[in-house]
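Undergrad: Attaching a single structure in structure tokens format; questions to follow.
Numbering (my numbering), first residue to last: 364 to 520.
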């Protein structure tokens, strides 16, 4: 029985060490994948490419590029992307195909946040694409993004 306990403890310890090594590798892999942007102009270009990917019907590639520069975890990004095809399809059925991208606004808040909003234009209406960036210690990173039908919130009197 003593030998059984030692063997069980040995396997438990090997499992724990394996899990810890796996966590370290995952953390290093995630840190290596997360890149930052150097300038506010870079944030605008990335936002525009993401908006254009949606208009072209290539949400997957746009989302992958956004994810490379994101501080959002992959589960949150996956949830944000999951509902897009249905929402875009409903919009296209009601308003015609998406045709072009139009910059609606860029806001800077303090030294830490930039928000870009684009209209994804169709024949009769538009969707809004918003990407928010946070200035981390190494540079600009995507904090969040969303696509919705609230274009009117961008239009001020």
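We treat Cβ as the ideally placed atom computed from N, Cα and C, and that holds for glycine.
Identify the continuous beta strand (DSSP E) that holds residue 406 and give its terminal residues.
TA: Looking at the DSSP string, residue 406 is not in any beta strand (DSSP E); the run it does join, the alpha helix (DSSP H), is 403-418.
Undergrad: Within 10 angstroms of its Cβ, does residue 401 collect 16 or more other Cβ (buried), or is it exposed?
TA: Counting Cβ neighbours within 10 Å, residue 401 comes out exposed, since fewer than 16 surround it.
Undergrad: Residues bridged to residue 510 by DSSP?
TA: Per DSSP, 492.
Undergrad: To the nearest angstrom, how far is it from the Cα of residue 458 to the Cα of residue 489?
TA: The straight-line gap from Cα to Cα measures roughly 8 Å.
Undergrad: Nearest-angstrom Cα distance between residue 414 and residue 475?
TA: Distance between the alpha carbons of residue 414 and residue 475 is about 22 Å.
Undergrad: Is it the case that the Cβ atoms of residue 480 and residue 492 are separated by a distance below 9 Å?
TA: In this structure, residue 492 lies closer than 9 Å to residue 480 by Cβ.
Undergrad: Put residue 422 into one of helix, strand or coil per three-state DSSP.
TA: DSSP places residue 422 in helix when its eight states are reduced to three.
Undergrad: Which residue comes first and which comes last in the alpha helix (DSSP H) that contains residue 464?
TA: Per DSSP, residue 464 belongs to no alpha helix (DSSP H); it is in the beta strand (DSSP E), 463-472.
Undergrad: Count the other C-beta atoms from every protein chain shown that fall within 10 angstroms of the C-beta of residue 456, then say buried if there are 16 or more, exposed otherwise.
TA: Exposed, since its Cβ has fewer than 16 Cβ neighbours within 10 Å.
Undergrad: Pick helix, strand or coil for residue 515, following the three-state DSSP scheme.
TA: Helix at residue 515.
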